[in-house]
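*Asks:* Take a look at the following structure, please.
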Amino acid sequence: MLWSFLLTCCIVFASTESYGQKELLKTIKVDFKNISLQTALEELQTKYNIPLAYNNDASYLKSKVNYSGKNTAREVLNAILAKHNLTIETKHDFVRIVSKPAPRKTGPTSPQSEITGTVKDTDGNPLAGVTVYQKGKQSNGTTTDLNGKFILNVPNNSELVFQIVGYKTIETNIGTNKSIEVTMEITEAGIDEVVVVGFGTQKKLSVVGSQSTVEAKKLQVPAANLTNAIAGKVSGVIAVQRTGEPGFDDAGIWIRGISTFSQGLSAPLILVDGTPRSMSNVDPEDIESFTVLKDAAATSVYGVRGANGVVIIKTKAGQAGKPKFSFRYYEGVTQFTKLPEFADGITYMRMSNEALTNRGAAPIYSEERIEKTASGEDPYLYPNVDWMDVLFRDFGQQRRGNLNISGGSDLATYYVGTSYYDENGLYTEDPSVNYNQQVGYKRYNLTSNLTVRPSINTKIELGIQGYLANANYPATGNGDIFANAWMVTPVLHPAMYENGTVPDQRAGSLVNPYAHLTQTGYANQWRNQLFSNLRATQQLPFITKGLSATAMFSFDVYNYTSMRRTKRPSSYLATGRDENGEMQYEQTFEGDRFLSFDRSSQGTRTIYLEGAFNYNRTFGKHTTTGMLLFNKSDELNSQAGTLISSLPFRFLGLSGRGTYSYADKYFLEANFGYNGSENFAPANRFGFFPSVGLAWVLSEENFFAGLKETLPVAKLRFSHGKVGSSRILSESGETRFAYISTIANTGGYNFGKNRGTNFATGYNIGEYGVNVTWETSIKSNLGIDLQTKNNEFSLQFDLFKERREGIFLRRGNVPTYVGLQTAPFGNLGIIDNKGFDGSITYTKKFNDFGFQILGNFTLNRNKIVENDQPDPLYPWLDQKGQKLGQRMGLVALGLFETEEEIANGPLHSGLVRPGDIKFQDVNGDGKIDDFDKVPIGYGTIPEFVYGFGFSVNYKNLSLSTLFQGVGNVDVHMNGEGLMPFSVSMSRGNLLSNIEDRWTIDNPRQDAFYPRLSDGSPNGNYQTSTWWVKNGRYIRLKDVQLSYMLPKNWTNPIGLNNANIFFAGYNLVTWTPFKFWDMELGDGRGTRYPNVKTYSLGLNVNF
């Protein structure tokens, strides 16, 4: 119903007859006395709603007008325009002021020609609204119509200028041509271009805050989740993908790092079309702009929501013109970037025997067993299983299709985009079961934006976006599948017996990884979300020029349903073969015949309201702007199961901005956010968050005149301000209403001598209500922007510093004798964060050949200043002064070589022998214990991230690449792969490099493994520098090779253009860490790996 209504609106508005023509027929009364022509035209626009369009820079606008009388609007306009050789035309909905056609002259000396032409973009689509004029005579000009066509009378050999916002200005000599075709290229935002800022837009030159943008087409990569398309493309943004499991692969995103004690509360505010939403399911094809706001000047208008930075996504809107269709489709195959590689069964058994003999025990595996396993004569009784090979297949599938249409008239424009995404994962499938346990993800997207201009001063925008997604996966989570693959040895049992029964051990839960994957059922999720927003903008020139008002309403609905159908299968253990060679089995568990059923659901409804006044006015060299905005949101859990969860999340805010600039040289900006949150007590509910920013365009100074030609833009920026965060976290998750004490019935107390006195009822305090408030973040930023002529080279570089105070923590300095049930919370934590980020671009074009080199980088380092913990015995044990999440461990000095060295060194725990790890006695007390643990390594979140790449194009062929990398990151390896042979030698797989170990015959200090042993009787597997491995990497993140089909192929079949392309994603990784994908941040390798994708596709515009 809604879809039909939208399409009907698009058709009706797009086909409406010209209202400009009707306005010209009205009788009006005017009294123009010695006023400028521009003032007279503005009065006709504002007082009589005549939709005029003209060149604001034309010199004739300053001339004086004297006209009084009552007449039709057409006659009035003709009268005041006549002496300037101007007239009006109403081809479309606006009344355009154009030059009168010059009278044709005959004879060889006539210099005038009527030129017809067409203006298109690089995709071959016509561009409407392009200003076309004769160079040096702007009064002689026109604009292109809906089909990109224009007619203009100019002298022969004239220079024509073509201009439109968002495209490079073109100047071309027409010679004696009667017809020309011009192609205009999209330009990077130049100094006069408009860019997105918080709650609005500004000229790029006037921006004083720190922000970065990504060209929308660079987000079009073969991946389902938009969060995975960001890494390496935006300065100031750290993005890591912790799993590649389809449908569950959201990347963690942090702007300029983490500045609070919880990673989960460090995520930025995401705004899609002005409303707080998730970006994960936004289709990249529907994005018009992607902007990241980083410092206080850019984010303080968001108050208590702006501490972690802001991402602003704007979806595409239609452009006036005939309908334009765009279709894009690709098919791809996926592979894991890197799977753990295990040792084979023969190696496993020999290493197991070595681990036992190293401590004087007898080998567990006989030579006969090893030889029979190696021969493969009976793989069901003597298995040799590569669990990674059994659980996963070589290739998965991925496909995506997108179709969008846009167009309209001067009155109404529309954009409608639909897309489909489908990905099948890399698990092995068992054809013997009658259900689908393969991990897979399908999603259907709709984006629809309609813009209507009922009058020249009014604009109404309606946006409808949504998606429907379906995810399928095994009943057992991928973490358990991987964990069991690590835990089950290659010789314990086969994946399945020859008769189709499930192998497993005699006691305990099911551990067979293959059975967990294929025999325990499946789960299925349905997710859908509908976004809607209605925005109205009204210019208010009748109050004062430059004033406007905006109101917006949005309503979002999210629903989630999960169905799990599970069982535990019957399992068996092979005990041998009888005299006839038949396998004998012992049943270890009697399982379920049928799948059980479990269902759960979630849902939210969100209402968001916004109203604002905006002011923008220029007086000579002075420009001032202002904004005052009120917003309110209400989010309700529609599937709430408890009283607390049923209460809506509410937010209220007032924001403001004021800017002033002089001669586009000096800029001053002040912002504030005044916000309230229901999370805090009434006295603390509202807070004020101001910021100030300054910018100085050095290139406009007289002393810069010698460099102006080469370096037209050189700008310094500085900002300082306060932002906040209202989200608070306890051990049980995100916390609400922390100012309220909670109590629980204990069932009674015993007091007195021998606890003989009983009180039958009693209550315990669960949490003590505390007078908490929001975290506050004080941010400073110093930046420089440089841009050479024609924007060939551009540089943006920023230094930043932040102090986050009032972080919500449980008190650690409350002694137990106070008698509190639990230590109360408070705004106790303080964290410092500082660093730098920047981006560089160089672009050059030579006729048919062009190239671009780009790069960006970010380095941040945080430090705990206060965490309310008591001072430890030794200073190196204090977390204060260390980075967030700092790992503590022992310092490995190498491997013991002799018994004498062991005897003369500090006392190590366990049965230490030559070949075991030697640790440093940091406090010098002669023994190794927890007091010797010091900060080791960087942690799993990189401090340094970067991206660089290039693009080249020659005629119809183009190639683009992006390399993405991280540094100052590591992983501490742990789990069965490093502590094998535990639980009576029946548990723990081995990595394939297990033979790189210390032995008596080969006592190498650089061996990867110390002396092998069963379990960890010698302390070798404690957290220490021995197991901290460098996690830096460089990855070929994106590569795209495309070929634009020749025009003589596409035009005859009605296509504006078409190209075929190859796109690759995560193709190659260079890293010293060789065991699994380092980006997973997992010390055990038990997560579904990230995937690389190879795809072929077609893009068509018509």
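In our numbering, the protein residues as written are 17 to 1118. Glycine is no exception: its CB is placed at the ideal position from the N, C-alpha and C atoms.
Determine the direct distance from the alpha carbon of L221 to that of Q803, and round the result to whole angstroms.
*Replies:* 11 Å
*Asks:* Which residues in the same chain as L732 place their Cβ atom closer than 6 Å to its Cβ, once the five residues preceding and following it in sequence are excluded?
*Replies:* Closer than 6 Å at the Cβ level, and outside the excluded window around L732, lie W712 and I800.
*Asks:* Comparing C-alpha positions only, which one of D946, Q898, I957 and E347 sits nearest to N418?
*Replies:* E347
*Asks:* Return helix, strand or coil for Y1110, following the three-state DSSP convention.
*Replies:* strand
*Asks:* Would you kindly work out how many angstroms separate the C-alpha atoms of A377 and E370, rounded to a whole number?
*Replies:* 9 Å
*Asks:* Touching or not, the region 457 to 466 and the region 494 to 506, by the rule of three or more beta carbon pairs under 8 Å?
*Replies:* no
*Asks:* Keeping to the same chain, check which residues put their C-beta closer than 7 Å to that of K637; ignore five residues upstream and five downstream.
*Replies:* Within its own chain, the residues whose Cβ lies closer than 7 Å to the Cβ of K637, once the five positions on either side in sequence are excluded, are Y678 and A679, listed in chain order.
*Asks:* Among K80, D1022 and W1065, which one has its Cα closest to the Cα of L57?
*Replies:* K80
*Asks:* Which one of L994, I823 and P840 has the shortest CA to CA distance from I756?
*Replies:* P840
*Asks:* Between T1130 and the rest of its own chain, which residues show a CB-CB distance below 8 Å, the 5 nearest in sequence each way excluded?
*Replies:* Because the chain spans 17 through 1118 in this model, residue 1130 falls outside it and cannot be assessed.
*Asks:* Whole angstroms is fine: what's the gap from D572's alpha carbon to Y398's?
*Replies:* 58 Å
*Asks:* Are the CB atoms of I933 and R810 within a distance shorter than 8 Å?
*Replies:* Residue identity check: residue 810 is Ser in the sequence provided, not Arg. Taking 8 Å as the Cβ cut-off, S810 and I933 do not qualify as a contacting pair.
*Asks:* Pick out the complete alpha helix (DSSP H) segments inside the region 664 to 727, 4 residues or longer, and give them in chain order.
*Replies:* 721 to 724
*Asks:* From which residue to which residue does the beta strand (DSSP E) around F613 run?
*Replies:* Careful: F613 lies outside any beta strand (DSSP E) and carries neither H nor E.
*Asks:* In the DSSP output, what is L546 paired with across the bridge?
*Replies:* DSSP, once it has assigned bridges, lists G482 and V573 as partnering L546.
*Asks:* Since I1050 sits in a beta bridge, which residues does DSSP pair it with?
*Replies:* G981 and W1086
*Asks:* Closest to G709 by CA distance: which of P831, N718, F683 and F696 is it?
*Replies:* Distances from the CA of G709 to each of P831, N718, F683 and F696 were compared; the closest alpha carbon is that of F683.
*Asks:* Would N1117 and N1067 be called neighbours here (beta carbons separated by less than 8 Å)?
*Replies:* no
*Asks:* What's the call for N695, buried or exposed, on a 16-neighbour Cβ count within 10 Å?
*Replies:* buried
*Asks:* So what's P519 in DSSP terms, helix, strand or just coil?
*Replies:* strand
*Asks:* Kindly indicate which three-state DSSP category W892 falls into: helix, strand or coil?
*Replies:* Note: W892 maps to helix in three-state DSSP.
*Asks:* Hey, out of F862, N872, L844 and G842, whose CA is closest to S855's CA?
*Replies:* N872
*Asks:* If you count every other CB in all the chains shown that lies within 10 Å of the CB of F635, and 16 or more means buried, which is it?
*Replies:* exposed
*Asks:* Determine the burial state of E1095: buried for a count of at least 16 other Cβ atoms within 10 Å of its Cβ, exposed for fewer.
*Replies:* Here E1095 is buried: its Cβ has 16 or more other Cβ atoms, across all protein chains shown, within 10 Å.
*Asks:* Using the DSSP secondary-structure output, state which residues sit across from G737 in a beta bridge.
*Replies:* S707 and K795
*Asks:* So, using beta-carbon positions, are F702 and K738 closer together than 8 Å?
*Replies:* No. Outside cutoff.
*Asks:* Going by C-alpha distance, which of V968, G689 and A754 is nearest V320?
*Replies:* The candidate whose alpha carbon is nearest that of V320 is G689.
*Asks:* Return no unless some Cβ of chain C is closer than 8 Å to the Cβ of W1042.
*Replies:* No chain C is present in this structure, which holds just one protein chain.
*Asks:* Tell me whether P490 is buried or exposed, calling it buried when 16 or more other Cβ atoms sit within 10 Å of its Cβ.
*Replies:* Around the beta carbon of P490, a 10 Å sphere encloses 16 or more other beta carbons of the protein chains shown; the residue is thus reported as buried.
*Asks:* Is the region 606 to 621 close to the region 572 to 581, with three or more CB pairs under 8 Å?
*Replies:* yes
*Asks:* Is I497 helix, strand or coil when you go by DSSP?
*Replies:* helix
*Asks:* Please classify W1042: is it buried, with 16 or more other beta-carbons within 10 angstroms of its beta-carbon, or exposed?
*Replies:* buried
*Asks:* Just reading off the beta strand (DSSP E) that M643 is part of, what are its end residues?
*Replies:* H638 to N653
*Asks:* Taking 8 Å as the threshold, find out whether the region 979 to 992 comes into contact with the region 952 to 966 through three or more Cβ pairs.
*Replies:* yes
*Asks:* When the distance is taken between beta carbons, is A552 closer than 8 Å to F215?
*Replies:* no
*Asks:* Mapping the DSSP letters down to three states, classify E959 as helix, strand or coil.
*Replies:* Coil.
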